[in-house]
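To keep things clear, I will list the structure first and then write my remarks on it.
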Amino acid sequence: MPSDILTTSQPKPTAQPEVRSRGAALKERASRFAKKFTTRDGWLGDYDYGWLCLPTLPYAKQKRAPPFYALEQDLPLILAISSGFQHSLAMLAGLITPPIIFASALSLDNELSAYMISASLIGCGILSLVQMSRIPLFGGYYLGTGLITVVGTSFATLSTANAIFDAMYSDGTCSSTTAADGTVTRLACPDAYGKVLGTSLICSFLEIFMSFIPARRLKRIFPPIVTGTVIVMIGASLIGDSGIPNWGGGANDCMSRPSSGFFQLCPNITAPRPLPWGSAEFIGLGFLSFATIMLTELFGSPFLKNISIVVGLAVGCIVSGAAGYIDGSSITTAPAITFLWVHTFKIGVYPPAILPMLAVYVSVAMEAIGDITASAEVSRVAVDGLEFDSRIQGGVLSDGIGGFISALFTVTPLSIFAQNNGVIAITRCANRSAGRWCCFFLILFGVLGKISGVFLAIPNPVLGGVTTFLFASVATSGIRVLAYNAFTRRDRFVLAAALSFGFGDLLVPTIFEHLFDGVDNPNKGLQGLFDSITIILSTPFLAAGIMAVVLNLTLPQEFDESEHDDDDDDAELAEVESQKHKSG
1 MPSDILTTSQ PKPTAQPEVR SRGAALKERA SRFAKKFTTR DGWLGDYDYG
51 WLCLPTLPYA KQKRAPPFYA LEQDLPLILA ISSGFQHSLA MLAGLITPPI
101 IFASALSLDN ELSAYMISAS LIGCGILSLV QMSRIPLFGG YYLGTGLITV
151 VGTSFATLST ANAIFDAMYS DGTCSSTTAA DGTVTRLACP DAYGKVLGTS
201 LICSFLEIFM SFIPARRLKR IFPPIVTGTV IVMIGASLIG DSGIPNWGGG
251 ANDCMSRPSS GFFQLCPNIT APRPLPWGSA EFIGLGFLSF ATIMLTELFG
301 SPFLKNISIV VGLAVGCIVS GAAGYIDGSS ITTAPAITFL WVHTFKIGVY
351 PPAILPMLAV YVSVAMEAIG DITASAEVSR VAVDGLEFDS RIQGGVLSDG
401 IGGFISALFT VTPLSIFAQN NGVIAITRCA NRSAGRWCCF FLILFGVLGK
451 ISGVFLAIPN PVLGGVTTFL FASVATSGIR VLAYNAFTRR DRFVLAAALS
501 FGFGDLLVPT IFEHLFDGVD NPNKGLQGLF DSITIILSTP FLAAGIMAVV
551 LNLTLPQEFD ESEHDDDDDD AELAEVESQK HKSG
């Protein structure tokens, strides 16, 4: 009996410390929470907010930068909120541009267009929270990167969707009318957007599958020579498809300057002050926004430099509003409050879009690898080893799952945004608390429907002047990735062959439109395959990316003699270390 009593009472001494430790942990957490919200240190810390907000003079001696806040370091509330606000504003133009372009390409009304902007903001805010997490899964796999890696509508999707929409209008999936003078006007086609969403949904499983391929193997298949080429062509094609056309007055049918009809003037004849495409007034408004970005970079504080795109939009809108170029109908028709699924689209699958959309997800995975690497560098965490590989795996998996969920959110595929790495570098704040506040502001911007109406009212020239710079920044990021290459003869050959297709498509976009005209009466399945091939070959970054991947995998590597000697030395050193370890 005593032994039984002793046996049953044994767990008590071990349980009591656990209870005490849990209680102590809860007290410590409550104490930290109270300190965060009730003390000056919790709100402000020792960060130099004057450095962040005061303007700078060119060539003047810069003040010493504030301390760096690491990933898990305690962050003052004001700094977390202000940094999160900067992150949200830095990515704002990139989030509102794709839905505006989609809506314009499909001739959708203001109410539906405003909803698409709100859905993009809300969806990206929610899915950025997932991407910033680092949720452990089975077998050492993760969901998310654990860094400030926010996501937005992929520009790769934007470029490809334009080609898909063109194919839908060409084959009769979407309707259009032809005027007496031969001018073709596209009618509203929301179902086309639903087909892109449905095709994106099923194609997202490719990137989910890719996330379970070892990161080092992915980087071998998609080295910088491939990813850099793709990113350059994405940026360059968007400048030609959207940036410059909008700068001139509009990327719709008014760009052809028809002699009559609804699009005789830009953006259309019902606008407050319509003008022919390329008018001096339009060019001037776009240049004002563009020049504002330059001046902000020259004279602005670090805070304003991070949001220079938004500053350019604001100045352009103020001047164009005063001059009477803004149509406020989109603001009045926008709801005060909105959320996801207020409007829905008829989900479908457009078979010719499957192959191009699969290629989009491959490019999204390539972007993720490069952007996660850049995020890790500016966040001062390891950029090699098992932990870093798991961040890449988690980021690619989150992108793939995000593509599936975003389609359900009525948002096209998402990708990690690179511009937020600049905010981390300038503010010296890599703490995820700032990222969570960024997501809060994005969701707030989306829920407040009038804000989407304001974005929709931005005149095309103002939007064009800003997005031309934004898309050129994308191309610059690709050039930076290409700079990682040694540029051996093999690298130059791969790049030249890929750019032959990329720039060829960009400069003569109609070259592949008549590729299969000689085929008589193809069946529906074969015609769908022809359309898929045409879309891929007509999309500059897809054609260039496929050529770069194929040549990179097939051309043999060139080994410089000095590099070979270095490899031999490394092998000998590793063997010596191995022998020492065995003898020890």
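In UniProt numbering, the protein residues as written are 1 to 584.
Glycine residues also receive a C-beta, built at the ideal position from the N, C-alpha and C atoms.
Considering only the beta carbon of each residue, do E207 and G403 sit closer than 8 angstroms?
-> By 1-based counting over the sequence shown, the position of residue 207 is 207. By 1-based counting over the sequence shown, the position of residue 403 is 403. Yes.
By DSSP, does R134 sit in helix, in strand, or in coil?
-> Against the sequence shown, residue 134 aligns to sequence position 134. Here R134 sits in coil by DSSP.
Sub-8 angstroms separation of S301 and P55 beta-carbons | Sequence index remark: in the sequence shown, residue 301 carries index 301 (1-based). Sequence index remark: in the sequence shown, residue 55 carries index 55 (1-based). For S301 and P55, yes; Cβs fall inside 8 angstroms.
Under the three-state DSSP convention, the category S301 falls into | Mapped onto the sequence shown, residue 301 falls at position 301. S301 falls in the coil class under three-state DSSP.
With T373 and V362 assumed to form a contact (beta carbons below 8 angstroms), what rounded beta-carbon distance in angstroms separates them?
-> On the sequence shown, residue 373 is found 373 positions in, with the first residue counted as 1. On the sequence shown, residue 362 is found 362 positions in, with the first residue counted as 1. About 17 angstroms separates the two Cβ atoms, so there is no contact after all.
To the nearest angstrom, report how far apart S452 and A251 are at their CA atoms.
-> Here residue 452 corresponds to residue number 452 of the sequence shown, with the count starting at 1. Here residue 251 corresponds to residue number 251 of the sequence shown, with the count starting at 1. Rounded to whole angstroms, S452 to A251 spans 20 angstroms at the Cα level.
Just the C-alpha distance for Y142 and A544, rounded to the nearest angstrom, thanks.
-> The residue you call residue 142 lines up with position 142 of the sequence shown. The residue you call residue 544 lines up with position 544 of the sequence shown. Computed Cα separation, rounded: 32 angstroms.
Ends of the alpha helix (DSSP H) at V349?
-> Taking the first residue of the sequence shown as position 1, residue 349 is located at position 349. First-last for V349: undefined, no H or E at that position.
Less than 8 angstroms separating the beta-carbons of A119 and L275?
-> Here residue 119 refers to the residue found at position 119 when the sequence shown is read from its first residue. Here residue 275 refers to the residue found at position 275 when the sequence shown is read from its first residue. Cβ distance not < 8 angstroms, so A119 and L275 don't count as in contact.
T173, DSSP secondary structure in three states | Residue mapping note: residue 173 aligns to position 173 of the sequence shown, counting from 1. Note: T173 maps to coil in three-state DSSP.
Residues bridged to G152 (per DSSP) | The residue given as residue 152 occupies position 152 in the sequence shown. Partner(s): S415.
Cβ neighbour criterion (16 or more within 10 Å) applied to V508 = Locating residue 508 in the sequence shown gives position 508, where the first residue counts as 1. Counting Cβ neighbours within 10 Å, V508 comes out exposed, since fewer than 16 surround it.
Should F441 be labelled buried (16 or more other beta-carbon atoms within 10 Å of its own) or exposed?
-> On the sequence shown, position 441 is the one that residue 441 refers to. F441 comes out buried.
Enumerate in chain order the residues of its own chain whose CB-to-CB distance from L506 is below 8 angstroms, with the five nearest sequence positions on each side excluded.
-> Stepping through the sequence shown from its first residue, residue 506 is reached at position 506. So the qualifying residues of the chain are M233, A236, S237, G240 and P540.
Can you tell me whether DSSP reads Y142 as helix, strand or coil?
-> Counting from one through the sequence shown, the residue named residue 142 turns up at place 142. Reduced to three states, the DSSP call for Y142 is strand.
By Cβ distance below 7 angstroms, which residues in the same chain neighbour F501 in space, the five residues on each side in sequence not counted?
-> On the sequence shown, residue 501 is found 501 positions in, with the first residue counted as 1. A543, A544 and M547, listed in sequence order.
Could you give the distance in angstroms between the alpha-carbon of S390 and the alpha-carbon of S279?
-> The sequence position of residue 390 within the sequence shown is 390, counting from 1. The sequence position of residue 279 within the sequence shown is 279, counting from 1. In a straight line, the C-alpha of S390 is about 52 angstroms away from that of S279.
With burial defined as no fewer than 16 other Cβ atoms inside 10 Å of the residue's Cβ, what is the status of E561: buried or exposed?
-> Walking along the sequence shown from the start, residue 561 turns up at place 561. Legend: pLDDT at E561 = 43, less than 50; position of this residue unreliable, no value from coordinates given.
For S133, I'd like the list of residues in its chain whose CB is within less than 6 angstroms of its CB, leaving aside the five on either flank, ordered along the chain.
-> As a working mapping, residue 133 is identified with position 133 in the sequence shown. Counting only Cβ-Cβ distances below 6 angstroms, and skipping sequence neighbours, we find G144.
Assign I424 to one of three DSSP states: helix, strand, or coil.
-> By 1-based counting over the sequence shown, the position of residue 424 is 424. Helix.
What's the C-alpha gap between residue 586 and E558?
-> An answer regarding residue 586 cannot be provided, because it is not within the stretch 1 to 584 covered by the chain.
How many whole angstroms separate the CB atoms of I535 and P351, which I take to be in contact at a CB cut-off of 8 angstroms?
-> On the sequence shown, position 535 is the one that residue 535 refers to. On the sequence shown, position 351 is the one that residue 351 refers to. Actually they do not touch by this definition, with Cβ atoms about 11 angstroms apart.
Helix, strand or coil at L275 [DSSP, three-state] | Translated into the one-based positions of the sequence shown, residue 275 becomes position 275. If DSSP states are grouped into helix, strand and coil, L275 belongs with the strands.
Is the region 150-157 touching the region 411-423, taking contact as three or more C-beta pairs under 8 angstroms?
-> yes
Tell me the DSSP bridge mates of Y69?
-> As a position in the sequence shown, residue 69 is number 69, starting the count at 1. Y69 pairs with C429.
Decide if L75 is buried, meaning its Cβ has at least 16 other Cβ atoms within 10 Å, or exposed.
-> What you label residue 75 is simply residue 75 of the sequence shown in a count that begins at 1. Looking at its Cβ environment, which holds 16 or more other Cβ atoms inside 10 Å, L75 is buried.
By Cβ distance, which residues of its chain are closer than 8 angstroms to I85, with the 5 residues on each side in sequence left out?
-> Translated into the one-based positions of the sequence shown, residue 85 becomes position 85. In the sequence as presented, Ile is not what sits at residue 85; that position holds Phe. Same-chain partners within the cutoff: W437, C438 and F441.
Count the C-beta pairs between the region 315-329 and the region 461-470 that are closer than 8 angstroms, then say yes if the count reaches three, no if not.
-> yes
Does the region 215-235 come close enough to the region 467-483 that 3 or more CB-CB pairs lie under 8 angstroms?
-> Yes, the region 467-483 touches the region 215-235.
Going by the beta-carbon positions, is the gap between L456 and I117 smaller than 8 angstroms?
-> For the purposes of this step, residue 456 is taken as the residue at position 456 of the sequence shown. For the purposes of this step, residue 117 is taken as the residue at position 117 of the sequence shown. Result yes, Cβ atoms of L456 and I117 sit closer than 8 angstroms.
Beta-carbon contacts of residue 644 that lie in its chain and below 6 angstroms, excluding the five residues immediately before and after = Since the first residue of the chain shown is 1 and the last is 584, residue 644 is not available in this structure.
Whole alpha helix (DSSP H) runs in the region 452-487 with 4 or more residues, listed along the chain?
-> 460-482
So V362 is in the beta strand (DSSP E); what residue range does that whole segment cover?
-> Stepping through the sequence shown from its first residue, residue 362 is reached at position 362. Element bounds for V362: not the beta strand (DSSP E) but the alpha helix (DSSP H), I354 to V378.
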